[in-house]
DNA sequence: CTCTGGCGCTACAATTATCGTAGCAAAATG
DNA sequence: CATTTTGCTACGATAATTGTAGCGCCAGAG
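Residue numbers (our numbering), protein chains in the order written: chain P, 241 to 352; chain S, 241 to 352.
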């Protein structure tokens, strides 16, 4: 795999291009990335609680995403356990929060 | 896998939950989804041009994502060829456009 | 008509990522 | 000490993605 170096955020597709947006788009375009940020949006969650919130996704991926997200500086693991958004992560979350409203508008046009 | 029914948007993880945001998050959390929307943001592109723009991603996935995005009503294929955003798709794109600025802010804190 | 060349799209094998289950060591609790 | 919960990992099975090649179609050039 060799995707994760150690403290660099460059296992991300598109980061080679020097366009940060590409790196971000790629990082967020991985399974459960967006979901994790979303579930953490207003309260810290333990890894298990997060797993439950994420429809019982496998801990393997969750842990991988959590590592990436932590490395990216969006998520952190508190002293007494429990994952939470960093200020930067919260900022990112705000950015695509309007997606919520959009989703509802979309689903009605989509026949649910 | 029976992911794509035909004209339903329900091969999407989370759509079972009845929470449209989950369905959207899952759809966008697939490889190249966000990137495709991003590349189409201000001009239509032919499938080849899109492939070039997407760092020569394999046509297999691109075509798959394009189908999903078309089914979701975000992207359409014009008469004379060329993919473009639908009004809805453009709307979605606007939603996460601030990500661009965020990405730059992020990359500077990240040491690139 | 024939020959390019671009279009959207597909086949297929190889490689990766993800899933699902089980379980670990460490810390907290009783 | 026994139990529970924490973050995290192993590993075989399954699904998604990659890379390369090429299809049928159509417009324009010769």
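Cβ coordinates follow ideal geometry from the N, Cα and C atoms, glycine included.
Across the structure, residue 326 of chain S and residue 311 of chain S are spaced so that their CA atoms are roughly 11 angstroms apart. Of the candidates P:323, P:302 and P:342, the residue whose Cα lies closest to the Cα of residue 285 of chain P is P:323. Here residue 319 of chain S carries a coil assignment [DSSP, helix/strand/coil]. Within the model, the alpha-carbon separation for residue 304 of chain P versus residue 319 of chain S is close to 43 angstroms. The beta carbon of residue 274 of chain P lies closer than 7 angstroms to those of 268 in the same chain, with the five residues before and after it left out. Between residue 266 of chain P and the set S:280, S:350, S:343 and S:283, the nearest pair of CA atoms involves S:343.
The beta carbon of residue 291 of chain P sits closer than 7 angstroms to those of 297, 299 and 302, all from its chain and outside the five residues before and after it, given in chain order.
Closest in C-alpha terms to residue 288 of chain S, from the list S:271, S:335 and S:306, comes S:306. From the beta-carbon of residue 264 of chain P, the residues of chain S found nearer than 7 angstroms are 339, 343 and 346. Runs of the alpha helix (DSSP H) lying entirely within the segment 256 to 312 of chain P and spanning at least 4 residues, in chain order: 260 to 268, 273 to 279, 287 to 293 and 299 to 311.
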